[in-house]
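Take the working numbering: the last position of the sequence shown gets the number 1705, and nothing is skipped along the way.
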Amino acid sequence: MVICLKSRNILKKLANPESPNSLATKTRLKNFNIFKGLISNLSKPLRILDIGGTEQYWEKMNFSKEHGVEIILLNLSECEVNYPTFKSIAGDAKDLSVFKDKEFGIVFSHSVIEHVGGFEDQLRMADEIKRVGERYFIQTPNYYFPIEPHFLFPMFQFFPLFLKIWLISHFNIGWIGRTPDKEKASETANSIRLLSEKELHELFPDATIYRETFLGLTKSFLVYGGWDTASKIE
């Protein structure tokens, strides 16, 4: 048990996006530098729809004061923004009917599509992203990476539902916290559906998929499309 607790604490330190020295923060900066490389030749003004994002994320990426860029943050509820180039709206990633076709130069989303429901819900989100954006840049964890990133528990995504519910009900695992209420624990267990590379190709058949690796294993994917053929990640 002591070993398990120590391992969990180590994983939390590595995965903590609030820590400037964590693996998660360094990975986000690396991914964002890839994104900046892709948009470097785009003309401005540029409108970006960030599905599930926050102003603080863009601030940490040193992009919150970028000239000629407007960023629309779409979440389940509105949030406060401090920069004039940001706007927050409430909405559903699976239904972006408030926006016209190709209304945005880019649709951006980091670690959201695994939270919207089952595969059909993920397909609806993907279709809406492709409809409203001229281009898109999506990040999502790899289903087959051995450490589930939300629960920070080895192979958690492969467990049967009853075992996931039991673990969530009895232990404080990952970022979720112990949830004694079985109904809420079930909701938590069903709230995350990680995607495989094969499924991402189904959702975004014309996309380029970049594999982000850790210790030789694919940790997550960057999925981007709508860019010219020369825009490839090396």
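Backbone N, C-alpha and C fix where the C-beta goes; we use that ideal spot for every residue, glycine too.
Would you list the one or two residues that DSSP bridges to residue i?
i: VAL1694; result: ILE1609, ILE1680
i: SER1559; result: LEU1544
i: THR1689; result: THR1684
i: ASP1566; result: ASP1563
i: GLY1604; result: PHE1575
i: HIS1581; result: GLN1610
Could you tell me which of the options sits nearest to residue i, measuring between CA atoms?
i: LYS1655; options: ARG1664, ILE1639, GLN1593; result: ILE1639
i: LYS1565; options: LYS1601, SER1559, ILE1618; result: LYS1601
i: SER1662; options: GLY1687, LEU1632, PHE1642; result: LEU1632
i: ASP1699; options: ILE1505, LEU1513, THR1496, LYS1507; result: LEU1513
i: THR1679; options: ASN1504, GLY1524, LEU1509; result: LEU1509
i: TRP1646; options: GLY1524, HIS1621, GLY1539, GLU1658; result: HIS1621
i: SER1667; options: PHE1590, GLY1648, SER1657; result: PHE1590
i: ASP1592; options: LEU1674, ASP1652, LYS1497, GLY1648; result: LEU1674
i: HIS1538; options: THR1659, GLY1697, LEU1567, SER1511; result: SER1511
Is the distance from the Cβ of residue i to the Cβ of residue j below 8 Å?
i: TYR1681; j: TYR1607; result: no
i: LEU1623; j: ILE1609; result: no
i: ASP1517; j: GLY1576; result: Inspection of the sequence shows that residue 1517 is occupied by Leu rather than by Asp. Yes, the Cβ-Cβ distance between LEU1517 and GLY1576 is below 8 Å.
i: ASN1613; j: LYS1690; result: yes
i: GLU1683; j: LEU1671; result: no
i: GLY1604; j: VAL1578; result: yes
Report, in whole angstroms, the separation of the C-beta atoms of residue i and residue j, which I expect to be a contact under 8 Å.
i: GLU1526; j: ASN1502; result: Actually they do not touch by this definition, with Cβ atoms about 18 Å apart.
i: ARG1664; j: GLU1585; result: 6 Å
i: ILE1542; j: ASP1572; result: Actually they are not in contact, since the Cβ atoms of ILE1542 and ASP1572 sit about 20 Å apart, beyond 8 Å.
i: PHE1557; j: LEU1544; result: 6 Å
i: GLU1574; j: SER1559; result: Actually they do not touch by this definition, with Cβ atoms about 17 Å apart.
i: GLU1724; j: LEU1567; result: What is shown of the chain runs 1472 to 1705, which leaves residue 1724 out entirely.
Quiz prompt | Length at least 4, wholly inside the segment 1618-1684: the alpha helix (DSSP H) runs in chain order | solution = 1632-1641, 1653-1661, 1668-1674
Self-check item: alpha helix (DSSP H) runs wholly inside the segment 1502-1547, at least 4 long, in chain order
Solution: 1526-1531
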